[in-house]
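Only one structure is covered here, and it is reproduced in the block below.
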Amino acid sequence: MRVGIFDHMDCAHSVKALDGCDVVHGHTYKVEVVVEGELKDGMVMDFKALREATKRAMAKYDHKDLTTVFEVPSAENIAQALFADIKKELPGVYSVKLWEGYNKWAEATR
Amino acid sequence: MRVGIFDHMDCAHSVKALDGCDVVHGHTYKVEVVVEGELKDGMVMDFKALREATKRAMAKYDHKDLTTVFEVPSAENIAQALFADIKKELPGVYSVKLWEGYNKWAEATR
Amino acid sequence: MRVGIFDHMDCAHSVKALDGCDVVHGHTYKVEVVVEGELKDGMVMDFKALREATKRAMAKYDHKDLTTVFEVPSAENIAQALFADIKKELPGVYSVKLWEGYNKWAEATR
Numbered sequence: 001m002r003v004g005i006f007d008h009m010d011c012a013h014s015v016k017a018l019d020g021c022d023v024v025h026g027h028t029y030k031v032e033v034v035v036e037g038e039l040k041d042g043m044v045m046d047f048k049a050l051r052e053a054t055k056r057a058m059a060k061y062d063h064k065d066l067t068t069v070f071e072v073p074s075a076e077n078i079a080q081a082l083f084a085d086i087k088k089e090l091p092g093v094y095s096v097k098l099w100e101g102y103n104k105w106a107e108a109t110r
Numbered sequence: 001m002r003v004g005i006f007d008h009m010d011c012a013h014s015v016k017a018l019d020g021c022d023v024v025h026g027h028t029y030k031v032e033v034v035v036e037g038e039l040k041d042g043m044v045m046d047f048k049a050l051r052e053a054t055k056r057a058m059a060k061y062d063h064k065d066l067t068t069v070f071e072v073p074s075a076e077n078i079a080q081a082l083f084a085d086i087k088k089e090l091p092g093v094y095s096v097k098l099w100e101g102y103n104k105w106a107e108a109t110r
Numbered sequence: 001m002r003v004g005i006f007d008h009m010d011c012a013h014s015v016k017a018l019d020g021c022d023v024v025h026g027h028t029y030k031v032e033v034v035v036e037g038e039l040k041d042g043m044v045m046d047f048k049a050l051r052e053a054t055k056r057a058m059a060k061y062d063h064k065d066l067t068t069v070f071e072v073p074s075a076e077n078i079a080q081a082l083f084a085d086i087k088k089e090l091p092g093v094y095s096v097k098l099w100e101g102y103n104k105w106a107e108a109t110r
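Quick mapping for you: the protein sequence lines, in order, are chains A, B and C. Mapping the first sequence onto the numbering used here, position 73 (from 1) lands on 73, and the numbers just tick up by one. Mapping the second sequence onto the numbering used here, position 51 (from 1) lands on 51, and the numbers just tick up by one. Mapping the third sequence onto the numbering used here, position 75 (from 1) lands on 75, and the numbers just tick up by one.
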């Protein structure tokens, strides 16, 4: 069984290689974290704990300029970095999906 | 190919073991049911029939106090119970995903 | 890793075999296209290129009467046709998911 939560973070970013995306702008990123596991006392894990772990991982990026954190702050690279960070805390993490704004996303899966 | 529909149900619930969730409150649950199958006359199945089967399964919980139905009315347990009920009627059901409110969910998959 | 975008198209359609769906009406279809691939320069592919490929594929159906294009303009058949068309341009396409209106969908997967 899988459980998931999503939350948001607000960052500045630009991608030099992409025409129209090379000027610093920003996004409200939606971040969905999914955990797979067996049920224990009727739960895979407490949603609140999953949200807190997600917020801890997002803290590195939320309200930051991502060009100072990533060489290429693409949705793919951010999703992958969040996945790696969350995995340290939650080995059962199944995927991290990151929407760059509203209608485009990247998903890193176990 | 997969087809899915989603609908909603409104229930009261509480989870004793979870701090902050142990007082009776309620959620508008979003319920997505997915069926996998081959195309027949261009369809896996009629969306209307899928919605009706979903509504029949939700009737056990909609506008009820889930603490009288489940020992632990977690999203995981409700999703699993809906999956089991729908499977009796639709053996091709692939998954049931249940959002507890807006931004957290559990998914039972075949 | 997977990346996806979604967009919309507005079409007229009817399905003769389905009661209540046999009169010409219309939908705003939401179309999500997912591509799977390895990262190159931090990206699976440029979102903009993915959106343009999606728009090119949708142009065959957008603002058209789908009964003149499909024998059975079901969500399943439209999803499958979009998948086949996009695959010609993007061999790495993983899935096309088509929402017929708001709360029902069909998904063609590789």
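Positions of the beta carbon are idealized from the N, C-alpha and C atoms, including for glycine.
Comparing C-alpha positions only, which one of B:V93, B:E52 and B:A108 sits nearest to V44 (chain B)? Ranking B:V93, B:E52 and B:A108 by CA distance to the CA of V44 (chain B) puts B:V93 first.
Is the Cβ of A81 (chain A) closer than 7 Å to any Cβ of chain C? By this cut-off, A81 (chain A) is not an interface position.
Which stretch, first to last residue, makes up the beta strand (DSSP E) that contains L98 (chain B)? Looking at the DSSP string, the run of the beta strand (DSSP E) that includes L98 (chain B) is V93 to E100.
By DSSP, does K30 (chain C) sit in helix, in strand, or in coil? DSSP, reduced to helix, strand and coil, places K30 (chain C) within a strand of the structure shown.
Under a CB-based cut-off of 7 Å, is L39 (chain B) close to chain C? With 7 Å as the cut-off, L39 (chain B) counts as an interface residue toward chain C.
My understanding is that D85 (chain A) touches A57 (chain A), with C-beta atoms under 8 Å, so please give their C-beta distance in whole angstroms. Contact flag correct, Cβ pair sits at about 4 Å.
Please state the DSSP three-state secondary structure of R56 (chain B). In the three-state reduction of the DSSP assignment, R56 (chain B) falls in the helix class.
Taking all protein chains shown into account, do 16 or more other C-beta atoms lie within 10 angstroms of the C-beta of T54 (chain A), making it buried, or fewer, making it exposed? So T54 (chain A) ends up on the buried side.
What residue from C:L90, C:K104 and C:W105 has the CA that sits closest to F47 (chain C)'s CA? It is C:L90 whose Cα lies nearest to the Cα of F47 (chain C).
By the three-class DSSP mapping on this structure, what secondary structure does D85 (chain A) have? Residue state, collapsed to three classes: helix.
Taking 7 Å as the CB-CB limit, is M9 (chain B) close to chain C? No, M9 (chain B) lies away from the interface with chain C (no Cβ there is under 7 Å from its Cβ).
Can you give the Cα-Cα distance for G20 (chain B) and S14 (chain B), rounded to whole angstroms? Each residue's Cα considered, the two are about 9 Å apart.
Check D79 (chain B) in the structure and name its three-state DSSP category. It should be pointed out that residue 79 (chain B) corresponds to Ala in this sequence rather than to Asp. It is helical.
Helix, strand or coil for R2 (chain B)? Go by DSSP, reduced to three states. Correct three-state label for R2 (chain B): strand.
According to DSSP, is K64 (chain C) part of a helix, a strand, or is it coil? The three-state reading of DSSP puts K64 (chain C) in coil, since its state is none of H, G, I, E or B.
Could you tell me the distance, in whole angstroms, from the CA atom of T68 (chain C) to the CA atom of I78 (chain C)? Cα-Cα distance, rounded: 13 Å.
Classify A49 (chain A) as helix, strand or coil using the three-state DSSP reduction. In the structure shown, A49 (chain A) sits in a helix (DSSP, three-state: H, G or I).
Where A108 (chain B) sits in the DSSP three-state scheme: Look at A108 (chain B) here: in three-state DSSP terms it is strand.
Measure the C-alpha to C-alpha separation of Y61 (chain B) and G101 (chain A) and round it to an integer number of angstroms. C-alpha separation (whole angstroms): 35 Å.
Taking V33 (chain C) and W105 (chain A) to be in contact with their CB atoms under 8 Å, please state how far apart those CB atoms are, rounded to whole angstroms. Not quite, the Cβ-Cβ distance comes to about 11 Å (not below 8 Å), so this is no contact.
List the residues of chain C that R2 (chain B) touches, going by C-beta distances under 8 Å, in chain order. Those are A106, E107 and T109, listed as they occur along chain C.
Assuming V31 (chain A) contacts H8 (chain A) (C-beta within less than 8 Å), just tell me the rounded distance between them. So it is a contact: roughly 7 Å between Cβ atoms.
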